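Report on one structure; see the data block that follows.
Residue numbers (this note's numbering), protein chains in the order written: chain W, 1 to 452; chain A, 1001 to 1452.
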């Protein structure tokens, strides 16, 4: 399979490039699919990436542009600024406007202007139009090159037009527009084949067209396309005018992006970070999250400090103290992950949240009980003191119930407050489980050790 | 937008169903896209789901089947067993074989047999063929209904065939086979339109066809389709015979599924769990993970117990003790998430792991230093003892370096051992950060407090 072959290719290419045998290197790369060229670039040691890219760039602009498109904005973040503005312009004008817009939006303001000025006017204006729309909306990710036909055209004429227009992004549906460019109907390629050439589109088209507005959030668009199993969705502006199309390949990128986003946010990572983000950038992007958690850690420490004298008397409390918040945190994280994913997949809403909460409460208390008994048993056997076990068991149950409540309600609340549920939930959950864990265990423990 | 309209619909439907006004309920549902019927079912209180589904089932089998397909195996897990085997048979034989196979594979062995016997022979055998292939392989998720044409056919004949065969899954490409059914070429619908009707396929087809083998992992297939931006990929058996096709809509499901899988595994959740999995099932599925973490928690407790006397003397150690592992855990989780996602997206391999490790080491020590200084400062101000601060700072740096190393190498190692990196990594990382965190802080702290 091609994708597994690339590491070896990368090694060969590296050798050739290092020897300055650029022509030979290119002879290998030109045979590859752009996606594989991108993979080779990814597999290359950082030092060779730019050089190798230039090898292709100077010999085959189209391949270079396509490869860049496949390489993706994130991975290209280090590459782009090291190219000449003029080179970037040449590359971007070969890309589909929606891809070009994505790359441009990542460039520093000043460079972006220079690159745009360097592009052919038509391409530049296409891209500038897209950049008008806010990020992560349908308008931003759509392709303005949409294949549309006036309603008074015949099937025959449509087929003829289709044959003459090679440069439109993959065509799956024929969108039909009226005199004002308003979207009035649709026809699939397949239906096109099944009609008499002389039939009018207005007679055979489907008039109930699923469409999205330019301002719709890209995640909603993705959910729509995915759940309706369609290959492309037309994009209209406020006036209902057809302004673009979003194809399923863009949807796939969105779905991947949104999944990464959720995972990352739960771990407190910047969305644009990848394995090969520069260390300096990663440091800056990760420190805020750690600082937030530092605060919650101090809160936990403060809770413990309330029991400082007791711990001096019963040092054994300190030994078992970390277990309850640790396990409570794990349980809370399980609940949280199910909820965040449920929201992302559109399965969870306030509507059915009651059912979800009751379920998590049941799960939390049941698992709390089981883990509680287990922990009590082991600690009793280990330290021979049933009172510690008792405290552990009770604290465990309590903490897991807290974990269930906070883990379920926090993401829903954040979403209701229009904050990304994946983003801040885990801080709140950890804080809740830490504080309640220490508080419950230490207070119960102290009482047990003094009065039992 | 349709998807946002459904909660209200669900409420209306619920009222009607509860009043026994089934015909009216159906009159609302029959107007909807199957995906929306599925959404309505999801929005309904559990008690009404089966009843409402039967309302559709009894009046419009096709809609019921399609809605079931959109509802998905996970969400249908509670619904299916409550249907009659005969009903299930009727439903599944209306679904595409690949979807039917997915539902069947979730049913208990014995029920599965009964359902299969109840299905029409042709559909049953289609499904049984698919079930021959292991789960999560191309063979299991492909549709055996692939549109193929002999190489000696003409463009005109092909178009005619296409028009006669309505039941093949969405057709985007025409696959060309030789006398033995071996895949020899491909032609897009678009190219079909652009050729003379009398041209032979063998003359105009593209012979270098991207294909996958039945045994290929579904995640690889998804990566392939995604990176090549194709709409469908043909599936061949060992002999190169064309046996099925995987379309982009199935790929989207795979991508979502794999993303959920990674998130879930990192949190120790069962892949098939969703917001509405029965509590009893969730309890069983979550307890193993908690038990594993219980073990690591005991390990941590044991480490602390080594310092029990010291803590009796310096109870203040217990106050700050939890902070180091807590923050180390956060940092480790950040590294881990980037790595796991990097592997899933095919960006990270042993090949470029050295670069990744060096980067994480840099990030870990830098953030360790910053957080360390911060924590030292605050604790000094709070407790007025610089020695605690010193211990915290040093332990923090050390633990974050450990987090970076384990967080980077563990997923790669597990993957190399053919274990899912997302699955066990986080246990190892937490264990490493907990143990090193407590060990470093307590040992340094004790030394500082006794000798400084």
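Ideal Cβ placement from N, Cα and C applies to all residues, glycine included. Since we're looking at a predicted model, the values are computed, not measured.
- Boundaries of the beta strand (DSSP E) around residue 1183 of chain A: 1183–1188.
- The continuous stretches of beta strand (DSSP E) do not include residue 427 of chain W, which lies in the alpha helix (DSSP H) extending over residues 421–451.
- Across the structure, residue 1350 of chain A and residue 379 of chain W are spaced so that their CA atoms are roughly 42 Å apart.
- Looking at A:1039, A:1038, A:1184 and A:1013, the one whose alpha-carbon comes closest to that of residue 1027 of chain A is A:1013.
- The stretch 1082–1134 of chain A is shown to contain whole alpha helix (DSSP H) runs of 4 or more residues at 1085–1092, 1097–1106, 1109–1118 and 1121–1131, in chain order.
- In the DSSP annotation of this structure, the continuous segment of the alpha helix (DSSP H) that includes residue 1029 of chain A starts and ends at 1022–1029.
- Among the residues of chain A, those whose CB is under 7 Å from the CB of residue 370 of chain W are 1287, following chain order.
- Taking the C-beta atoms as reference points, residue 138 of chain W is found no nearer than 7 Å to residue 243 of chain W.
- In this structure, residue 400 of chain W places its C-beta atom within 7 Å of the C-beta atom of residue 331 of chain W.
- Using a Cβ distance threshold of 7 Å, residue 390 of chain W and residue 448 of chain W count as a contacting pair.
- One finds 349 and 351 in chain W with Cβ atoms closer than 8 Å to the Cβ of residue 1007 of chain A, taken in chain order.
- For the stretch 1254–1267 of chain A, the set of positions with a beta-carbon nearer than 9 Å to some beta-carbon of chain W reads 1255, 1256, 1258, 1259, 1260, 1262, 1263, 1264, 1266 and 1267 in chain order.
- Inclusion of residue 1272 of chain A and residue 35 of chain W in the CB contact set at 7 Å is not warranted, their separation being larger than that value.
- In the pairwise beta carbon analysis, the stretch 194–204 of chain W is classified as not touching the stretch 1039–1049 of chain A: fewer than three pairs are separated by under 8 Å.
- Nearest Cα to residue 440 of chain W within the set W:417, W:337, W:419 and W:328: W:328.
- Between the alpha carbons of residue 1037 of chain A and residue 1031 of chain A lies a distance of about 9 Å.
- Going by beta carbons, residue 1269 of chain A and residue 355 of chain W fall outside the 7 Å limit.
- When CB distances to chain A are screened at a threshold of 9 Å, the residues of the stretch 211–230 of chain W falling below it are 212, 213, 216, 220, 222, 223, 224, 225, 226, 227, 228, 229 and 230, in chain order.
- For residue 324 of chain W, the closest of W:386, W:438, W:258 and W:135 by C-alpha to C-alpha distance is W:438.
- Beta-bridge analysis with DSSP links residue 232 of chain W to W:247.
- Cβ proximity to chain W below 8 Å picks out nothing from the stretch 1388–1418 of chain A.
- Contact between residue 1185 of chain A and residue 1209 of chain A holds, with the beta-carbon distance rounding to 6 Å and staying under 8 Å.
- Per DSSP, residue 1150 of chain A is one residue of the beta strand (DSSP E) stretching across 1148–1150.
- With fewer than 16 other Cβ atoms from the protein chains shown falling within 10 Å of its own Cβ, residue 1081 of chain A counts as exposed.
- A:1178 is the residue among A:1218, A:1178 and A:1187 whose C-alpha sits nearest the C-alpha of residue 1240 of chain A.
- Flagged as an interface residue toward chain A: residue 320 of chain W, by a C-beta distance shorter than 7 Å.
- Residue 1119 of chain A and residue 358 of chain W have their alpha carbons spaced roughly 38 Å apart.
- The shortest CA-to-CA distance from residue 360 of chain W to any of W:404, W:24 and W:83 is the one to W:404.
- The C-beta of residue 1269 of chain A comes closer than 7 Å to at least one C-beta of chain W.
- For residue 1077 of chain A, no Cβ of chain W is located within less than 7 Å of the residue's own Cβ.
- Annotation: residue 430 of chain W to residue 1109 of chain A spans about 41 Å, alpha carbon to alpha carbon.
- Short of 8 Å from the beta carbon of residue 51 of chain W, and not among the five residues preceding or following it, lie these beta carbons of its own chain, in chain order: 17.
- Our two residues, residue 314 of chain W and residue 1318 of chain A, have alpha carbons roughly 11 Å apart in a direct line.
- DSSP lists W:188 as the beta-bridge partner residues of residue 173 of chain W.
- Straight-line spacing of the CA atoms in residue 1392 of chain A and residue 1284 of chain A works out to 39 Å.
- From the beta-carbon of residue 342 of chain W, the residues of chain A found nearer than 9 Å are 1274, 1275 and 1276.
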